[in-house]
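Colleague: Got a structure here, written out as structure tokens. Questions coming.
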Amino acid sequence: MRILAIGDIHGCSTALEILLNTVQPQPEDKIITLGDYVDKGPDSKGVLEILLKLHHSGQLIALKGNHEQMMLRARNSSIAEKYWRRSRGDKTLASYSKKQSLMDIPKSHWDFLENSCINFWETETHLFVHASVDPNLPLNQQPEYMLMWGGFEESLPHYSGKTMICGHTVQTSGLPRNLGFAICIDTWVDGSGWLTCLDVNSGEIWQASQQGETRRGCLNQ
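In my numbering, the protein residues as written are -13 to 207.
Okay, structure coming up:
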């Protein structure tokens, strides 16, 4: 069984489809998506539809990112909605309809974001979060702000000795950043970078771009 982590997707459904076709997940593999499925890119709707199919197969462990958090808050507050739209939520709404209305987002997508996406996941050797962790606290005691908004550059080794796998902090080089005790795989697919999948046990990486390019390699030590 492979444990496959996928970095921030940000509405880039073309790159996600190509990446999955390249990696060819098997039924026994686990896929952990690290959040930020929506905003910035052109097809947040399409990304969520792909993730819903994976979720129904039982393979997907979907984490919630700060952009999903903003989107969910936008339903209940006009101020929160304005803030989300300015944070490129307008691109998400445009992927559903020209009206750019929250009412056009189907219930299944809201349910997935609110009830299926979780704040963290862990194995015996790795911690999976969207942004970062407090190094001195177990995952179930982490401040939500740290999980959703923390900066990778301030990361310190977690007391558990487990390696943190995260996204959120954009790596404009297009390559994952490996600190040994923490690995960031947000490689800027919504810009001029790549969408990254990491096999956390072998260190193998696969990448796809919105332009249809692919490449593969190994995690830099």
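Ideal Cβ positions, reconstructed from N, Cα and C, are used throughout, including at glycine.
Considering only the alpha carbon of each residue, which of Asn52, Val24, Asp15 lies closest to Gly44?
Modeller: Counting from 1 along the sequence shown, the entry for residue 44 is found at position 58. Minimum Cα distance to Gly44 is reached at Asp15.
Colleague: How many Å lie between Asp185 and Leu(-10) at the Cα?
Modeller: On the sequence shown, residue 185 is found 199 positions in, with the first residue counted as 1. On the sequence shown, residue -10 is found 4 positions in, with the first residue counted as 1. So the alpha carbons of these two residues sit roughly 5 Å apart.
Colleague: Going by the beta-carbon positions, is the gap between Tyr145 and Asn122 smaller than 9 Å?
Modeller: Within the sequence shown, the letter at position 159 stands for residue 145. Within the sequence shown, the letter at position 136 stands for residue 122. Yes, the pair counts as a contact, with Cβ atoms nearer than the cut-off.
Colleague: So if DSSP puts Ala(-9) in a beta bridge, which residue, or which two residues, is it bridged to?
Modeller: Here residue -9 refers to the residue found at position 5 when the sequence shown is read from its first residue. DSSP lists Ile18, Leu184 as partners of Ala(-9).
Colleague: Please classify Arg61 as buried or exposed, where buried requires at least 16 neighbouring CB atoms within 10 angstroms.
Modeller: Locating residue 61 in the sequence shown gives position 75, where the first residue counts as 1. Counting Cβ neighbours within 10 Å, Arg61 comes out exposed, since fewer than 16 surround it.
Colleague: Put Ala80 into one of helix, strand or coil per three-state DSSP.
Modeller: Numbered from its first residue, the sequence shown carries residue 80 at position 94. Ala80 falls in the helix class under three-state DSSP.
Colleague: So, does the segment 148 to 159 touch the segment 78 to 87, judging by three or more C-beta pairs under 8 Å?
Modeller: These segments do not touch.
Colleague: At the level of alpha carbons, what is the spacing between Pro124 and Phe106?
Modeller: Against the sequence shown, residue 124 aligns to sequence position 138. Against the sequence shown, residue 106 aligns to sequence position 120. About 11 Å.
Colleague: So, Thr0 versus Asp29, is the Cβ gap smaller than 9 Å?
Modeller: On the sequence shown, residue 0 is found 14 positions in, with the first residue counted as 1. On the sequence shown, residue 29 is found 43 positions in, with the first residue counted as 1. Yes, they are a contact pair.
Colleague: Taking Glu130 as part of the alpha helix (DSSP H), name the residues at either end of that continuous run.
Modeller: Within the sequence shown, residue 130 is the residue found at index 144, counting from 1. Run containing Glu130: 130 to 135, per the alpha helix (DSSP H) assignment.
Colleague: For His42 and Ala48, I'd like the C-alpha separation in whole angstroms.
Modeller: Locating residue 42 in the sequence shown gives position 56, counting from the first residue. Locating residue 48 in the sequence shown gives position 62, counting from the first residue. Cα to Cα, the separation comes out at about 12 Å.
Colleague: Take Lys39 as the anchor and find which of Leu58, Thr109, Leu6 has the nearest alpha-carbon.
Modeller: Residue numbering aside, residue 39 sits at position 53 when the sequence shown is read from its first letter. The residue with the shortest Cα to Cα distance from Lys39 is Leu6.
Colleague: Using 9 Å as the threshold, is the C-beta distance between Gly153 and His95 below it?
Modeller: For the purposes of this step, residue 153 is identified with residue 167 of the sequence shown, where counting begins at 1. For the purposes of this step, residue 95 is identified with residue 109 of the sequence shown, where counting begins at 1. Not in contact: Gly153 and His95 (Cβ atoms no closer than 9 Å).
Colleague: Starting from Trp70, trace the alpha helix (DSSP H) in both directions and tell me its first and last residue.
Modeller: Position 84 of the sequence shown, counted from the start, is the residue given in the question as residue 70. Counting along the chain, the alpha helix (DSSP H) containing Trp70 begins and ends at 64 to 70.
Colleague: Taking the alpha carbon of Glu140 as the point to measure from, which residue in Cys170, Pro13, Leu46 has its own alpha carbon closest?
Modeller: The count along the sequence shown starts at 1 and reaches residue 140 at position 154. Taking only the C-alpha atoms, the option nearest Glu140 is Cys170.
Colleague: Between which residues of its own chain and Met(-13) is the CB-CB distance below 7 Å, once the five residues before and five after are set aside?
Modeller: Taking the sequence shown and counting its residues from 1, one reaches residue -13 at position 1. These residues qualify, in order along the chain: Glu14, Asp15, Lys16.
Colleague: Restricting to Cα atoms, I'd like to know which of Cys103, Ile104, Lys93, His53 is closest to Gly(-3).
Modeller: Here the question's residue -3 lines up with position 11 in the sequence shown. It is His53.
Colleague: So for Ile169, helix, strand or coil by DSSP?
Modeller: Translated into the one-based positions of the sequence shown, residue 169 becomes position 183. Strand, per DSSP.
Colleague: If we define contact as Cβ-Cβ less than 9 Å, is Leu6 a contact residue for chain B?
Modeller: Of the chains in the structure shown, none is chain B; there is only one protein chain.
Colleague: Per DSSP, which residues does Phe114 bridge with? Please list them.
Modeller: Indexing the sequence shown from 1 puts residue 114 at position 128. Note: Phe114 sits in a beta bridge opposite Trp107, Ile151.
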